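First up is the structure itself, then whatever we jot down about it.
Residue numbers (the working numbering), protein chains in the order written: chain A, 1 to 97; chain B, 98 to 231.
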């Protein structure tokens with residue numbers, strides 16, 4: 001459910017609101033680039049409870065989906081991109097923990 | 098997840114999880130595509146994903162916490178495991194095939210590499226990058 005939201009729907013949405021093609025390409029790359037966050041957080045997760053890190057990161061990433069939906073309703077591309085970055089970064093943190 | 102599973106059932110568990118997960122995601126994609134077809138508002142898939150995410154958080158909350166393994170480890174050790182290398186290669190190939198734009202990117206860079214190494218029909222027998230050097 002989450003992975004299907006990465007490229008196809010997101011790029012379709014941005015194209016529908018006439019976003020810059022460069023921005024669409026940049027946003028499409030976020031799910032892949034955000035995987036780099038796993039490197040430092042793999043070490044950090046060892047110092048805390050892995051379940052807590054995973055749970056908190058999952059909650060943040062899931063709630064950012066709700067905020068992305070609100071950004072879609074409002075029509076704000078900036079907030080859409082911001083929450084999409086937050087969603088992907090915390091999804092990767094949850095995965096590594 | 099790895100630390101929660103005994104080694105004797107780990108492979109079977111991951112295989113079943115992958116198979117059931119692919120089937121469930123296929124059904125989910127079809128369902129969301131149908132909803133999206135009739136109500137073409139972009140916020141709907143995100144709302145559905147949010148609800149599904151909260152359900153998954155509920156299940157994460159029920160998982161037992163595991164003891165964190167501390168200390169320095171040899172990061173080269175997995176690279177000496179043939180099964181790990183095979184799995185990594187298979188996953189990399191799957192990701193490349195799933196994202197055809199990545200395949201195009203690979204082809205683009207491979208063709209650029211081939212032409213830079215003299216495969217551009219210059220006929221000089223020298224790599225093409227030599228032609229631009231003084």
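C-beta atoms are modelled at their ideal positions from N, C-alpha and C, and glycine is treated no differently.
Only a predicted model underlies this, so the values are computations on that prediction, with no experimental measurement involved.
Reduced DSSP category for residue 113 of chain B - H, G, I as helix; E, B as strand; rest coil: Residue 113 of chain B sits at position 16 when you count from the first residue of the second chain. Helix, per DSSP.
Residue 69 of chain A touches chain B at which residues, Cβ-Cβ below 7 Å? Here residue 69 of chain A refers to the residue found at position 69 when the first chain is read from its first residue. In chain order: 140, 143, 144 and 147.
Is residue 129 of chain B near residue 145 of chain B, with beta carbons less than 8 Å apart? Locating residue 129 of chain B in the second chain gives position 32, counting from the first residue. Locating residue 145 of chain B in the second chain gives position 48, counting from the first residue. Yes, they are a contact pair.
Using a Cβ-Cβ cut-off of less than 8 Å, list which residues of the segment 109-125 of chain B approach chain A; keep chain order. Residues 122 and 125.
Beta-carbon of residue 106 of chain B versus every beta-carbon of chain A: anything under 8 Å? Taking the first residue of the second chain as 1, we reach residue 106 of chain B at position 9. No, no contact with chain A.
Return no unless some Cβ of chain B is closer than 8 Å to the Cβ of residue 58 of chain A. If you number the first chain from 1, residue 58 of chain A lands on position 58. Chain B, which has a Cβ nearer than 8 Å to the Cβ of residue 58 of chain A, makes this yes.
Residues near residue 231 of chain B in its chain [Cβ-Cβ closer than 8 Å; skip 5 each side]: Locating residue 231 of chain B in the second chain gives position 134, counting from the first residue. Confidence at residue 231 of chain B is low in this model, with a pLDDT of 38, below 50, so its placement is unreliable and the value that follows should be read with caution. Closer than 8 Å at the Cβ level, and outside the excluded window around residue 231 of chain B, lies no residue.
Applying the criterion that 16 or more other CB atoms from any shown protein chain within 10 Å of the CB defines a buried residue, is residue 139 of chain B buried or exposed? To locate residue 139 of chain B, count along the second chain from 1; it is residue 42. In this structure residue 139 of chain B is buried. Its beta-carbon is surrounded by 16 or more other beta-carbon atoms within 10 angstroms.
Less than 8 Å between the C-beta atoms of residue 64 of chain A and residue 86 of chain A, yes or no? Against the first chain, residue 64 of chain A aligns to sequence position 64. Against the first chain, residue 86 of chain A aligns to sequence position 86. It is a contact, given that the beta carbons lie within the stated cut-off.
Beta-carbon neighbours of residue 73 of chain A, restricted to chain B and to distances below 7 Å: For the purposes of this step, residue 73 of chain A is identified with residue 73 of the first chain, where counting begins at 1. Neighbours of residue 73 of chain A on chain B, chain order: 140.
State the DSSP-derived secondary structure class of residue 214 of chain B, mapped to helix, strand or coil. For the purposes of this step, residue 214 of chain B is taken as the residue at position 117 of the second chain. Its pLDDT being 43, under 50, residue 214 of chain B is placed unreliably by the model, and the measurement read from it follows with that caveat. DSSP places residue 214 of chain B in coil when its eight states are reduced to three.
If you follow the alpha helix (DSSP H) that residue 47 of chain A is part of, which residue opens it and which one closes it? As a working note, residue 47 of chain A is residue 47 in the first chain. From DSSP, residue 47 of chain A is part of no alpha helix (DSSP H); its letter is neither H nor E.
Classify residue 155 of chain B: buried if its beta carbon has 16 or more other beta carbons within 10 angstroms, exposed otherwise. Position 58 of the second chain, counted from the first residue, corresponds to residue 155 of chain B. Result: exposed.
Starting from the beta carbon of residue 189 of chain B, find every residue of chain A whose beta carbon is closer than 9 Å, and list them in chain order. Sequence index remark: in the second chain, residue 189 of chain B carries index 92 (1-based). Under the 9 Å cutoff, chain A gives no residues; its nearest Cβ is about 13 Å from residue 189 of chain B.
Which same chain residues end up closer than 7 Å to residue 132 of chain B when comparing Cβ atoms and leaving out the 5 residues on each side of it in sequence? The sequence position of residue 132 of chain B within the second chain is 35, counting from 1. 141.
CA-to-CA distance, residue 143 of chain B to residue 75 of chain A, given in whole angstroms: Counted from its first residue, the first chain places residue 75 of chain A at position 75. Counted from its first residue, the second chain places residue 143 of chain B at position 46. Approximately 14 Å between the Cα atoms of the pair.
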